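Residues in the sequence shown are numbered consecutively from 715, following the working numbering.
Just so you know, even glycine gets a beta-carbon here, dropped at the ideal spot from N, CA and C.
For clarity, every value in this text was computed on a predicted model and none was experimentally measured.
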Amino acid sequence: MSGSRIQDTKYPSGPARTILKGRCLARRRLLTCPAYGAVGWQDRIWKALAHHLVALVQNRSIMTTPSQPATTSPAKVALVGVHGFGAHHRANLQRLQDAGAVELVAVADPNPPAEGSLPASAAVYPDLDQLLQDVTGLDVVIVATPIQTHAPLGLAALASGADLYLEKPPVASLADYYRLQEAAAATGQAVQIGFQSLGSHALAAIAGILADGRIGTLTGISATGKWVRDRAYYKRSRWAGKRTIDGVDVVDGVATNPLAHAVATALRIAGARTTADVAFVETELFRANDIESDDTSVIRIRTSTGLPVTCALTLCVDEPIEPYVTLHGTLGTAVFHYTLDRLVVTTDGVSTEEEFGRDDLTQNLLDHRRNGTPLLSSLADSGAFMLVLEAIRTAPLPAPIDPAHVRWVGEGDAAHPVVDGIDDAIERATATHSTFSELGLPWAVSARV
Ligand SMILES: NC(=O)c1ccc[n+]([C@@H]2O[C@H](COP(=O)([O-])OP(=O)(O)OC[C@H]3O[C@@H](n4cnc5c(N)ncnc54)[C@H](O)[C@@H]3O)[C@@H](O)[C@H]2O)c1
């Protein structure tokens, strides 16, 4: 890790808006901050977390004012980006249209959708500009396009007067994040970010577990990500695995795209929503694939309440497992498998498991418009995540892992790399809040030399 320091110049005097990257600076801060060294620091963390827990139980969002008056007619919706994850939005919009909640009036994509794949109500455009020239009175625009297009398309959608559903990660830099936030704040338009795990009802159950002390005092949170992405994944789009394209930020790495929900969910449970809720972020980024971005990384965060949040994430394991966020308590653990809405609580060696439902974020945005229901994943509440993205964006290039420590499984485009001992490394990193090089892993140490 480098010892660089990033100052948030937009709000230079604001509290805890500094990102510190690099072991030396981070350690210095840990040693000098009284909250970490003094007796009873865990109690202080606990108290500071209390108000976040109340917010979590109530699913309170900062942006709670409905942007449009109550109405019962279907919301007029446009979808930008119809393939890839856009196909999920198409299916969801069809469901909502069948229920009378929306009317999909138009889509935009340079690669048009297949004949008959849209409701008859939807006009097809090659881009958002042409769509907005023809179609007025939109209530909601959903943007599910490559990361580097989120800022211009999101700003154009807001300029049209519509509310915005923007896929994660929100945008590719902190500067663009502030730009978007200012545009939305100027008119009071709503912006929902597509971290769908934040709609899980398990979050309220987790808040209850923390409030009733079932796992004791919370000492830290970790996110464990062990997925697999093959060569075809990185070949599917020009932007896949890129940090920039033609000088434009993309930041398509393991923590900002495939496993971004792990980071966002861990931050939410830690009570870190806005930029003010994060004290610092450290990154250690590696890659086994032949890409620009990272595919095997540790992201270590301190919240402004002093809680450590460590995310150990890879796309280079033998056998993928569903990712999870672990709450480490003095009396036990709670493990949230966020893709499955499953919560496993273990105390005294006894585990209980429960599955939950989840609120759909598009429906939540419609409810927000109609009656002021708080947004579950607002732009304002993605500020903490954006500090993580900014630390990754400005970090040194990910270190390539020596091929001697990488095994390839499968053939051709279906092949994926497996890093030596990665399963165990991720477990140890999350259990001890350590980076891979701090654990002394040979591939991490040699890549860093
Ligand atoms: N919430 C989730 O679980 C989830 C899952 C996967 C992807 N995503 C997000 O969805 C977004 C898209 O990812 P993807 O993997 O589907 O990408 P992709 O490259 O596979 O597909 C993007 C689509 O957008 C279209 N497109 C590209 N530029 C466009 C433009 N300027 N205007 C209109 N359409 C344009 C492409 O033609 C394509 O149809 C990303 O932000 C990604 O992070 C979210």
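Gly751 (DSSP reduced to helix, strand or coil): Per-residue confidence for Gly751 stands at a pLDDT of 28, beneath the threshold of 50, marking its modelled position as unreliable; the derived number appears in the next sentence. Helix at Gly751.
Ile1035 burial status per 10 Å Cβ neighbour count (16 or more: buried): exposed
Separation of Leu912 from Arg982, as counted between CA atoms: 8 Å
Status (buried if at least 16 other CB within 10 Å, exposed otherwise) for Leu852: buried
Quiz: which residues have CB nearer than 6 Å to ligand 1 non-hydrogen atoms: Val794, Gly795, Val796, His797, Gly798, Phe799, Gly800, Ala822, Asp823, Pro824, Asn825, Asp841, Leu842, Ala858, Thr859, Pro860, Ile861, Thr863, Glu881, Lys882, Gly908, Gln910, Arg950, Ser951 and Asn971
Beta-carbon proximity check, Ala870 vs Val964, cutoff 8 Å: no
Arg1056: CB within 7 Å of a non-hydrogen atom of ligand 2: Among the ligands present in this structure, namely ligand 1, ligand 2 is not found.
Cβ-based neighbour list, Thr988, same chain, cut-off 8 Å, excluding 5 preceding and 5 following: Ile776, Ala1094, Asp1095, Gly1097 and Ala1098
Closest by C-alpha distance to Ala789, when choosing among Ala1161, Leu807 and Phe799: Leu807
Chain-order list of residues whose beta-carbon lies under 7 Å from that of Thr958 (same chain, five-residue window excluded): Val964
Check whether Ala1139 and Leu1027 have beta carbons under 8 Å apart: no
Length of the line joining the Cα atoms of Trp953 and Pro883: 14 Å
Separation of Gln844 from Arg1056, as counted between CA atoms: 43 Å
Buried or exposed by the 16-neighbour rule on C-beta atoms within 10 Å, applied to Asp848: exposed
8 Å Cβ cutoff met for Glu881 and Lys956: no
Reference Leu917; option with closest CA among Thr863, Val1039 and Glu896: Val1039
Val1132 classed as buried or exposed, judged by whether at least 16 other C-beta atoms fall within 10 angstroms: buried
Cα-Cα separation between Ser951 and Gly868, rounded to whole angstroms: 20 Å
Enclosing beta strand (DSSP E) for Gly939 [first to last residue]: Leu932 to Val942
Which of helix, strand or coil DSSP assigns to Lys949: helix
Same chain only: Cβ atoms within 6 Å of Arg1121, ignoring 5 sequence neighbours per side: Val1132
Nearest candidate by alpha-carbon position, reference Gly875, set Tyr891, Ala899, Ala889 and Tyr892: Ala899
Simplified DSSP state of Arg1107, which is helix, strand or coil: helix
Simplified DSSP assignment, three categories, for Gly913: helix
Three-way DSSP call (helix, strand, coil) for Tyr892 in this model: helix
Rounded straight-line distance, which links the Cα of Val1123 to that of His896: First, the amino acid is wrong: residue 896 is Glu here, not His. Each residue's Cα considered, the two are about 47 Å apart.
Residue environment, Lys940, which counts as buried when at least 16 other CB atoms sit within 10 Å: buried
Reduced DSSP secondary structure (H/G/I, E/B, other) of Leu1153: coil
Cut-off 6 Å between Cβ atoms - residues of its own chain near Val855, not counting five sequence neighbours on either side: Ala792, Ala871, Ala876 and Leu878
Contiguous alpha helix (DSSP H) assignments of at least 4 residues, all confined to the stretch 1066-1143: 1075-1085 and 1097-1107
Counted within 10 angstroms of its Cβ, other Cβ atoms place Ser669 as buried (16 or more) or exposed: Residue 669 lies beyond the residue range present for the chain, which begins at 715 and ends at 1163; the question has no answer from this structure.
Beta carbon of Val968 nearer than 8 Å to that of Leu1029: yes
Residues near Ser1151 by beta carbon distance below 7 Å, same chain, minus five either side: Glu998, Ala1158, Val1159 and Arg1162
Residue of Glu829, Ala858, Leu842 and Glu1141 minimising C-alpha distance to His1167: It is not possible to answer for residue 1167, since the shown part of the chain is limited to 715 through 1163.
Straight-line gap, Ala932 to Ala976 (C-alpha atoms, nearest Å): The sequence shown places Leu at residue 932, not Ala. Cα-Cα distance, rounded: 18 Å.
Residues near Asp1116 in its chain [Cβ-Cβ closer than 8 Å; skip 5 each side]: Trp1157, Ser1160 and Ala1161
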